[in-house]
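**Student:** The numbering used here applies: residue 2 is where the sequence shown begins, and numbers increase by one. Backbone N, C-alpha and C fix where the C-beta goes; we use that ideal spot for every residue, glycine too. A quick note: this is a predicted structure, and the numbers were derived from the prediction, not measured. Submitted below is the structure of interest, expressed as structure tokens.
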Amino acid sequence: MDRAQAHTVEAFTAALLVLGAVLFTLQATAITPLTASTSNERVENQQRTLAKDLLTTTDANGALRDAAVFWDTNTGQFDGAPDVGFYASGGPPNQFGTALNETFRAKRIAFNVYVSYQEPDGSSSRETMVYMGTPSNHAVVATHTVPLFDDTQLTASGATQTLEAANASFYAEDVAPNSPLYTVTEVRLVVWQM
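What follows is the structure in structure tokens.
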């Protein structure tokens, strides 16, 4: 009988030790919404796909090009942007901005939009169109190339100039003065969960 009781006590002690080790391990490992996991990778892949699809779709319907030339030559910034020169609470007030807001902002996904272009000397520069903050470590990026031509019309409210006529007042210079091509821009969309 003493032997059976000793084995029972030993089994309970071992079980308590295992349970204590498991509890200690669970407390030492904090799992947060930003902990890397396959679900985060899945969310990032979905956001990347959404961003690429949005850029492709808005390029196909002309909204992406129109957003790239939504420039106010009087203020030297995107039309309707606050004094800081970019939109901070969502997309620009045009079809591209509506697509951004419906696709991302409505789902509490923040985004930044940058327009890069080549300078005549071969270096590259960038204009910030939308800046909603510093991206998280889990941000994803999608880019799309948008060629602009000399006869491309500025789309800011009240604008009547083409890029060729507005050359000095537009953010990018004509990199191919002897051809119909004005410049090639790259729209960079960075998205992340708020």
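1. Where does Q48 land, buried or exposed, given buried means 16+ other C-beta within 10 angstroms?
2. Can you tell me whether S170 is helix, strand or coil according to DSSP?
3. Go through the region 85 to 149 residue by residue and report every complete run of the alpha helix (DSSP H) that reaches 4 residues or more, in order.
4. If I follow the unbroken alpha helix (DSSP H) through L65, where does it start and stop?
5. DSSP on D73, reduced to helix/strand/coil?
6. Quick check: the region 147 to 158 against the region 60 to 70, are at least 3 beta-carbon pairs closer than 8 Å?
7. Under the rule that 16 or more other beta-carbon atoms within 10 Å means buried, what is G134, buried or exposed?
8. Within 10 angstroms of its Cβ, does D1 collect 16 or more other Cβ (buried), or is it exposed?
9. Would the beta-carbon of Q51 fall within 8 Å of that of L65?
10. If you check the beta carbons only, do A111 and T59 fall under 8 Å apart?
11. In whole angstroms, give me the CA-to-CA distance for Y132 and E103.
12. Is E187 helix, strand or coil when you go by DSSP?
13. Rounded C-beta distance between E128 and Y172? I'm assuming under 8 Å.
14. From the DSSP secondary-structure annotation, give me the bridge partner or partners of F1.
15. Going by DSSP in three states, T9 sits in which element: helix, strand or coil?
16. Please determine, among G123, F97 and N168, the residue with the shortest C-alpha to C-alpha distance to G77.
17. Identify whether V220 lies in helix, strand or coil by the three-state DSSP scheme.
18. Starting from the C-beta of V19, find all residues in its chain whose C-beta is less than 8 Å away, skip the five residues before and the five after it, and write them out in chain order.
19. Smallest Cα separation from H145: which of Y88, S117, N179 and Q96?
20. For T161, list the residues DSSP reports as bridge partners.
**Tutor:** This is what the structure holds:
1. buried
2. helix
3. 96 to 104
4. A64 to A69
5. strand
6. yes
7. exposed
8. The structure shown does not extend to residue 1, since the chain is modelled only from 2 through 195, so no value can be given for it.
9. According to the sequence shown, residue 51 is Leu rather than Gln. It is not a contact, given that the beta carbons lie outside the stated cut-off.
10. no
11. 17 Å
12. strand
13. 5 Å
14. Any answer about residue 1 is impossible in this case: the structure gives the chain only from 2 up to 195.
15. helix
16. N168
17. Lying outside 2 to 195, the shown extent of the chain, residue 220 is not represented and no answer is given.
18. none
19. S117
20. Per DSSP, none; premise fails for T161.
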